[in-house]
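In UniProt numbering, the protein residues as written are 1 to 468. Note that CB positions come from ideal geometry on N, CA and C, so glycine has one too. Predicted model only: the values in this text are computed from it and were never measured. A quick write-up on the structure given underneath.
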């Protein structure tokens, strides 16, 4: 059985499934780091994900795989409960509208109810109408919400989804290059979707190999064929039309959560009551992550930059401002940029696209549209460099700002500018600038003589290093 695991129980359940000889696929980054095991990107038979309220998990996928996974999960502790969902994710129903609300309609599915948003069906529906719908997201029996429905029936099968009355290939990813590559590879795959069904690849498909993609497409085509037969029949509500997948809900009690702690502790630092605490709230979950990470890093007396930023940011992809403090108390924001790299030792790389107009301070070169500024901040360092490049990647110059020790907060990089700076021109010439402004700040009482001497010392060291 191939299992995809997500959520706060992922580490413990990965351990459980691996011990039982099952394959865990599409593993997240932290899971890959914690286990000495091979994780491939192949399609899954069953997906096991933490419920919204963190009280347990939902298992969705091929009926036999769901049954196997549910049986194992039910054995975790004496206070574990499991229920089959009468409206599994992906199932198709003929539904009868029983009530209309402000944003959607309540639908009778036979054994249970679902909620159909008006935006997910063509045209307005009224009480008594019969419509064909598909379950987009099931709801656990302990939840106060209903299963979410849509009027657009799709063939969902792990990595691939087939859309009826559609053509071509779509990829759910922000990586345009990866999307183009996967779309092109789709033409080389052996399987073909049924006529009239277009391919939509899920995000994890970008990392899958050809064999996994072929498998996913074949499975989606089988589901589409099953749905084609069912959809040819007239609507006759309420009834189940097709259920290519199954969904079960597993609720974990306190005994089970502590058993999961033991499973997790075998592979990762785990505080007593790890899952009991995480089940409480998102804030509690974040606190557990921080506490356990700190347990691994304390003892050397250093600020645990990697632990703190991993929990609170900034992380790759985040937008962060540069808070350029002045010795007289003013704060100037030097714009914001995208975090393009971050290492646990304390370095955050920020990339900013520049607009045209004027020149770069001290470098004396034009600031043009399409220029890029790459700045590397290191927590606790008395300086940071910014390299300016033109649209073709050519270096226009490097500006090294000397400042109080840098602090990399989640939303803003902060420091106080100490005026004196060092620049390196495109031709390699190194120049120290703004010593006079530092002297004036000392005279004005904005900078102590001790701090000024530190700034001059840093400037001298950088000038020598850049000239060497």
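Nearest residue (CA-CA) to residue 471, options 99, 312 and 119: Since the displayed the chain opens at 1 and closes at 468, residue 471 lies outside it and no answer follows.
Buried or exposed (CB count within 10 angstroms, at least 16 for buried), residue 182: buried
Spatial neighbours of residue 173 in its chain, beta-carbon cut-off 7 Å, leaving aside the 5 residues before and after: 179, 203 and 206
At least three beta-carbon pairs within less than 8 Å, the segment 23-36 to the segment 66-83: no
Where the alpha helix (DSSP H) through residue 454 begins and ends: 449-467
Residue 186, enclosing beta strand (DSSP E) - first and last residue: Careful: residue 186 lies outside any beta strand (DSSP E), inside the alpha helix (DSSP H) at 176-186.
Best match in 52, 337 and 109 for proximity to residue 411 [C-alpha to C-alpha]: 337
Residue 402 and residue 458 closer than 7 Å at C-beta: yes
Neighbourhood of residue 253 by C-beta distance below 6 Å, restricted to the same chain and skipping five residues each side: 79
Helix, strand or coil at residue 44 [DSSP, three-state]: coil
Beta-carbon separation (whole angstroms), residue 94 vs residue 228, contact threshold 8 Å: Their Cβ separation, rounded to whole angstroms, is 16 Å, which puts residue 94 and residue 228 out of contact at 8 Å.
Integer-rounded CB distance, given that residue 45 should sit under 8 Å from residue 72: With 8 Å as the limit, residue 72 and residue 45 do not qualify as a contact, their Cβ atoms being about 13 Å apart.
Which listed residue (436, 147, 106 and 11) has its alpha carbon closest to that of residue 136: 147
First and last residue of the uninterrupted alpha helix (DSSP H) at residue 53: Neither: residue 53 is in no alpha helix (DSSP H) and is coded neither H nor E.
Cβ neighbours of residue 104 in the same chain (closer than 6 Å, five flanking residues each side left out): 115, 116, 117 and 118
Those residues which DSSP pairs with residue 84 across a bridge: 248
Alpha helix (DSSP H) runs wholly inside the segment 244-317, at least 4 long, in chain order: 254-265, 274-278, 282-297 and 305-312
Inter-residue CB distance, residue 49 and residue 6 (contact presumed, cutoff 8 Å): 5 Å
When 386, 445 and 150 are compared against residue 424, the one with the closest alpha-carbon: 386
For residue 101, the three-state DSSP class (helix, strand or coil): coil
Bridge-paired residues (DSSP) for residue 383: 402
7 Å Cβ cutoff met for residue 474 and residue 349: Outside the displayed span of the chain (1 to 468) sits residue 474, for which this structure offers no information.
Distance, residue 430 Cα to residue 369 Cα: 25 Å
Spatial distance of residue 333 from residue 315 (CA atoms): 20 Å
Coil, strand or helix - residue 111 by DSSP: coil
When 240, 33, 38 and 212 are compared against residue 130, the one with the closest alpha-carbon: 240
Residue of 61, 52, 326 and 121 minimising C-alpha distance to residue 282: 52
Residue 58 burial status per 10 Å Cβ neighbour count (16 or more: buried): buried
According to DSSP, residues forming a beta bridge with residue 201: 160 and 171
Bridge partner(s) assigned by DSSP for residue 413: 322 and 408
Proximity to residue 276 [Cα-Cα], best of 287, 168 and 156: 287
Span of the beta strand (DSSP E) around residue 367: Run containing residue 367: none; DSSP gives neither H nor E here.
Whether residue 149 touches residue 155 by CB criterion (7 Å): no
Contact under 7 Å by Cβ, residue 476 with residue 217: In the structure displayed, the chain extends from 1 to 468; residue 476 sits before or after that span and is not available.
Own chain, CB closer than 6 Å to residue 246, minus 5 neighbours either side, in chain order: 63, 66 and 88
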